[in-house]
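Its first residue numbered 112, the sequence shown is counted upward by one per residue in the working numbering. Ideal Cβ positions, reconstructed from N, Cα and C, are used throughout, including at glycine.
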Amino acid sequence: MNFDDLVDKHLPKGSANKDLEKTSRIEFERILDPGKFQARPETDTDVGIDYIVELKNNNHYTNFRFAVQLKSTSSINASNDGSFRFPVEVSNVNYLISFNGHSYYVLFVAKESKFYYKNAHEVFIYLTETYPGGDWPNTVGVKFTDILDSDALDTLYQQIFTRSKTIRNVRHLLNVHFQNDRFSRVTIDENEKVTAESDIVAELERFGMRLINEYKYDEIIRQKGLVNYRIIDRALFQMVCGMAHYRKAEMHQAITCFKISLKFKEQLRDGLAEIARYHLEAAKYSLGINSREEYDAAMETMVNSSYIGLYVSIQKSFNELFDGHSLTQERVRGFYQKMNEIIAHPEADDNIGIHARAQILAMEAEVLNNALIRNLSVLRGTPWAADIVSRELAEWQKTADMYGPRAEELREFARGQGDFFAYNIITITVIKAYYSNLFTHEYIMNFDESAKVVNVIFTTEQIEKVIGYCTILDEVAAIYQTLDSTENLIVAHSLRYELLRLIGHDDQATEAGSTMETLIDTYDLKELRKKYEYLTNGGTRHEQFLNLLINTFQNEAEAKRELEKIIEELKSIDVTEKNFGPIPKANYQIDLFPIGYFTYPKEQFDLLMNIIDVVTDLRPHILRLSGKIIPILNLFHNPVTQEGRVDGNESANLESYRNILRVRREFKANKIVPFPARN
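Written out as C-alpha cells, the structure is:
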C-alpha cells in the first residue's frame, strides 16, 4: 500500500458541523468590538451556554454580563418574510433565562455569513402564551428576524449596560434594607432609575412644597405613581400629592390624598393640617359633593387658624362685602381696615399681602363702576344737572386713571416674588374693570327706553382694545396651562368669552366656551359646570346689566305713576282737612319735612311719635324742645333717629313717599292737622 492510499483511507475524517461551529465561533468573536465586549467561551462544562460576554466601559471591566447560546446552520433557508426558524430544546430555554443577567440565542447563517439573534426571554414568553396549561413540547422553533451587526451590538450594549446598572441598584437597596431589618418597596421609573419607596416619600416630604411653589405638579404626581401611595401613612407626603392634584383640578385624586393626610394630621406642623383641610373642602365643593352652605360653614371654622385663616378671612371679607349689600362708605372703610390688619398680621407673608392687596383692587374696581353707574344715571335722568355731573365724572376719571398704575405696581411686585397666580389674577381684575366700565357707559348712554334695547356701535378703538385684552387673556391662559392650573384657566377663558360676546365676535366666543366646557367635563367640575351654563345662557355681566337697565327703567316708570298717585292723595287730604270743625287748643307744633307744620294737643305727643316712628331715645329731646321752639323731623327717614332736616331730600325715594302717605293718613284719622288749618 502506497502513501497516497494511507491518506485517503486511514486518516480521521473531518466534521462539517464542527467546522461550521468553529467558523461561527471565530466569526462571532470577530464581530465583537474588543473595546466594549470581552467574550469568554464556556468550553469546560457547556450545558447550554456557549459564551459569557462581559461589557467594558472606557476599557474598564464592569462585571455586567450576558449569556449567549450560539447556533449555526448551512442548510436552513429563509422564510418568505426573510426570517429563519431554528429548533432548540425547551430545557435549554429554561436554563438560559435562569442566567443572572441577559441571555440570547445567536444563529449563524453560513449561506449569508450573517448572525441573527433572539432574546431568550421572548422565547419563554412565546412558550407560556402558546402552551398556557404548561404542557410544553421538548423542542420549540425559534424565529430569528433581527440581524446581529455592529449597529445591533451598539443597541444591545446600551440596553444591557443600563439594565445591569438597574439590577445592581435593586440588589444594593434590597441588601441595605434587609440588613437594617426593614423592608421598603423598590421602584423603577421609565428611565430605569431605581429608588426605594421610602426614599421617594422622604424626598417629597423634604422638597414637595418647593415643587408646589415652582408649579412642578407633574413631577410630584410622577413620583407618587412610583409608590403604592394608598398604604403610605405619611401625612406630609399625602398632603403634597393632594396639593399637586388640586392645582391640576384632579379633584377626585386630591380628595383621596387629603383624606389620608388628615388621618395622620398629628404628624403635620402647625398650620399644615388646616391647609390640607381647606383644600379638601374646596375640592369637595368644586365637585358638587358639598353645597355652598356646607363649604361656607367649613371655611368659617378655619378663620381663626394661623396661616390659612388669613387667606380664608380675605375671601370671607370680600364675599361679605358684595353679598346682597350696597357698597356704603362705612362698609368700604371696614374692608380697608380688615385687609390692612391682615397685611400687618405677624403670620402674613408676601403672598398673603399680595392677595389682600389684589382683593382691595377688585373692591375698588367695583366702587368705581358703581360711581360711574350713579353719575351716568343722573346725567341721563336730569339733563339740567349736566354741569354738576360732568364735574363728578371728571373727578371719577382722575381716580380711574390712578387705578391702572397702582394695579401695575402690585402686578410687578407679584412677578418679582414669583407669585404668578397673583400676577395673573391682578391682570384679570384690570381687564374686568375695563370691561365693566365699557358696557356700563355705552349701555346707559345708548339705552332706548321705549324699545328696551341698547343701540351701541363700539368704536374701532374700543374694539381694538377689547381684542388686545383677549390676546392678553390668551397669554394668561397659556401660563395657567403651563402651570396645570385648570380652574384658573377656565376663569381666563370665561372672561375672554364675555369680551368677545360684548363686541359681537360670537364665533370666537363659542370657541372659548367650547374650550371651557371640555375642561369642565374632563375634570368633572360640577360647580364650574353650573357657572358655565349660566354664563352661556345670558349670564354674561353685560347681559345681566342690560336686564337690570330694562327692569330699572320699567320700575322707574311704575314708580313715577305711583308717586303721582301719592301726591294726588296728599293734596286731597289737605283739602278735606279744611272741613274739620274747631281744633282744640294746641299746645305744641312740629315741622315735618317735607310736608310742613302741624299742630297737636300735648296729650297726643306719644301718639304722634308712634305714627312718625321716632326712635325711643330721641323722644325726650323732642319733648324738651316742644313748647319752646318748633322741632324739625325729616319724614324721608324711617325710623327717625335725629332732630333736624339732616340730609334734606337726599334720602327721598318711593318707599319714603309711601311712608309719608301713611303718616298723613294716620294724622287725618287722629285729627292732627296742618298748622295753617288751625282755627
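Measure the C-alpha to C-alpha separation of Ala455 and Ile722 and round it to an integer number of angstroms.
-> Taking the first residue of the sequence shown as position 1, residue 455 is located at position 344. Taking the first residue of the sequence shown as position 1, residue 722 is located at position 611. One C-alpha to the other measures close to 50 Å.
Go to Ala150, then tell me how far its beta strand (DSSP E) extends in each direction, as first and last residue.
-> On the sequence shown, residue 150 is found 39 positions in, with the first residue counted as 1. Secondary structure note for Ala150: its beta strand (DSSP E) is the uninterrupted segment Phe148 to Pro152.
Cβ-based burial, Phe294 [other Cβ within 10 Å; buried from 16] | Taking the first residue of the sequence shown as 1, we reach residue 294 at position 183. Low confidence applies here, because Phe294 scores a pLDDT of 46, under 50, leaving its location unreliable and the question unanswered by this model.
Please go through the same chain and pick out, in chain order, the residues whose beta-carbon is closer than 8 Å to the beta-carbon of Ile590, but skip the five residues on each side of it.
-> The residue you call residue 590 lines up with position 479 of the sequence shown. Correct list, in chain order: Phe531 and Asn535.
Could you have a look at Gly650 and say whether DSSP puts it in helix, strand or coil?
-> As a working mapping, residue 650 is identified with position 539 in the sequence shown. Three-state result, Gly650: helix.
Would DSSP call Ala221 helix, strand or coil?
-> In the sequence shown, counting from the first residue as 1, residue 221 sits at position 110. DSSP places Ala221 in the coil class of the three-state scheme, outside both helix and strand.
Helix, strand or coil: how does DSSP classify Ile499 here?
-> For the purposes of this step, residue 499 is taken as the residue at position 388 of the sequence shown. Three-state result, Ile499: helix.
The stretch 731 to 742 touching the stretch 762 to 780, judged by at least three CB pairs closer than 8 Å = Counting Cβ pairs under 8 Å, fewer than three are found: no touch.
In the DSSP assignment, find the beta strand (DSSP E) that holds Asp702 and state where it starts and stops.
-> The residue given as residue 702 occupies position 591 in the sequence shown. From DSSP, the beta strand (DSSP E) with Asp702 extends over Tyr699 to Phe704.
With which residues is His213 paired in a DSSP beta bridge?
-> Position 102 of the sequence shown, counted from the start, is the residue given in the question as residue 213. According to DSSP, residue pairing for His213 in a beta bridge involves Phe177.
By Cβ distance below 6 Å, which residues in the same chain neighbour Lys229 in space, the five residues on each side in sequence not counted?
-> Taking the first residue of the sequence shown as 1, we reach residue 229 at position 118. Excluding positions up to five away in sequence, the list reads Tyr216, Val253 and Phe255.
Identify every residue that forms a DSSP beta bridge with Asp257.
-> For this step, residue 257 is matched to residue 146 along the sequence shown. Its beta-bridge partners are Tyr228.
Is Arg151 buried or exposed, if buried means 16 or more other CB atoms sit within 10 Å of its CB?
-> Counting from one through the sequence shown, the residue named residue 151 turns up at place 40. Counting other Cβ atoms within 10 Å of its Cβ, Arg151 stays below 16 and is therefore classed as exposed.
Would you identify the three-state DSSP class for Asn168, choosing helix, strand or coil?
-> On the sequence shown, position 57 is the one that residue 168 refers to. Looking at Asn168 - three-state DSSP - the assignment turns out to be strand.
Would you call Met556 buried or exposed, if buried means 16 or more other Cβ atoms sit within 10 Å of its Cβ?
-> Residue 556 sits at position 445 when you count from the first residue of the sequence shown. Flag for Met556 reads exposed.
The beta strand (DSSP E) spanning Tyr708 covers which residue range?
-> Locating residue 708 in the sequence shown gives position 597, counting from the first residue. Where Tyr708 is concerned, the enclosing beta strand (DSSP E) stretches over Gly707 to Tyr711.
Do the stretch 651 to 670 and the stretch 380 to 397 make contact, defined as three or more Cβ pairs closer than 8 Å?
-> Result no; under three Cβ-Cβ pairs closer than 8 Å.
Contact belief for Ile160 with Ala178 at Cβ below 8 Å, rounded distance in angstroms | Within the sequence shown, the letter at position 49 stands for residue 160. Within the sequence shown, the letter at position 67 stands for residue 178. With 8 Å as the limit, Ile160 and Ala178 qualify as a contact, their Cβ atoms being about 5 Å apart.
C-alpha distance - Ile795 paired with Tyr546, whole-angstrom precision = What the structure shows of the chain is the stretch from 112 to 790, and residue 795 is not part of that stretch, so it cannot be assessed.
Within 7 Å (strictly less), CB to CB, does Phe235 reach chain C?
-> Absent from the structure is chain C; it holds one protein chain and no more.
Counting only the same chain and skipping the five closest in sequence on each side, list residues whose C-beta sits under 7 Å from that of Ala482.
-> Working through the sequence shown from its first residue, we reach residue 482 at position 371. Result list for Ala482: Trp507, in chain order.
Three or more C-beta pairs below 8 Å linking the stretch 581 to 588 and the stretch 501 to 521 = With the cut-off at 8 Å, the stretch 581 to 588 and the stretch 501 to 521 do not touch.
DSSP state of Lys380 mapped onto helix, strand, coil = Start at 1 with the first residue of the sequence shown, and residue 380 comes out as number 269. According to the sequence provided, residue 380 is Arg. The question's Lys does not apply to it. Coil, per DSSP.
Return the chain-ordered list of same chain residues with a C-beta closer than 7 Å to the C-beta of Met320, the five sequence neighbours on each side being excluded.
-> Position 209 of the sequence shown, counted from the first residue, corresponds to residue 320. The answer, listed in chain order, is Val351.
Take every Cβ of the stretch 335 to 347, pair it with every Cβ of the stretch 308 to 319, and state whether three or more of those distances are shorter than 8 Å.
-> Because the criterion of three Cβ pairs below 8 Å is met, the stretch 335 to 347 and the stretch 308 to 319 touch.
DSSP three-state call for Glu754: helix, strand or coil?
-> Numbered from 1 along the sequence shown, position 643 holds the residue referred to as residue 754. Per DSSP, reduced to three states, the secondary structure at Glu754 is coil, with no helix or strand assignment.
Using only alpha-carbon positions, find the residue among Asp407, Thr412, Gly464 and Leu772 that is nearest to Asp434.
-> Counted from its first residue, the sequence shown places residue 434 at position 323. Looking at Asp407, Thr412, Gly464 and Leu772, the one whose alpha-carbon comes closest to that of Asp434 is Asp407.
Considering only residues of the same chain and omitting the five flanking positions on each side of Gln470, which have a CB-CB separation below 6 Å?
-> As a position in the sequence shown, residue 470 is number 359, starting the count at 1. Answer for Gln470: Ile425 and Phe429, listed in chain order.
Roughly how many whole angstroms lie between the Cα atoms of Phe219 and Glu330?
-> The residue you call residue 219 lines up with position 108 of the sequence shown. The residue you call residue 330 lines up with position 219 of the sequence shown. Spanning the two alpha carbons is a distance of roughly 47 Å.
From Tyr357, Gln334 and Ser372, residue whose alpha carbon lies closest to that of Arg345 = By one-based count along the sequence shown, residue 345 stands at place 234. The residue from Tyr357, Gln334 and Ser372 with its alpha-carbon nearest to that of Arg345 is Ser372.
Would you check if the distance between the CB atom of Val199 and the CB atom of Trp247 is smaller than 7 Å?
-> Position 88 of the sequence shown holds residue 199. Position 136 of the sequence shown holds residue 247. No, the Cβ-Cβ distance between Val199 and Trp247 is not below 7 Å.
Should Gln290 be labelled buried (16 or more other beta-carbon atoms within 10 Å of its own) or exposed?
-> Taking the sequence shown and counting its residues from 1, one reaches residue 290 at position 179. At Gln290, the pLDDT of 49 sits below 50, so the modelled position is not reliable and the matter cannot be decided from this model.
Using 8 Å as the threshold, is the stretch 601 to 613 in touch with the stretch 643 to 660, meaning 3 or more CB pairs across them?
-> Counting C-beta pairs with one atom in each stretch, the stretch 601 to 613 and the stretch 643 to 660 have three or more that are closer than 8 Å, which means they touch.
Tell me whether Ala127 is buried or exposed, calling it buried when 16 or more other Cβ atoms sit within 10 Å of its Cβ.
-> One-based indexing of the sequence shown puts residue 127 at position 16. Label assigned to Ala127: exposed.
Would you give the residue range spanned by the beta strand (DSSP E) that Asn745 belongs to?
-> Within the sequence shown, numbered from 1, the residue matching residue 745 stands at position 634. For Asn745, the enclosing beta strand (DSSP E) begins and ends at Ile743 to Asn745.
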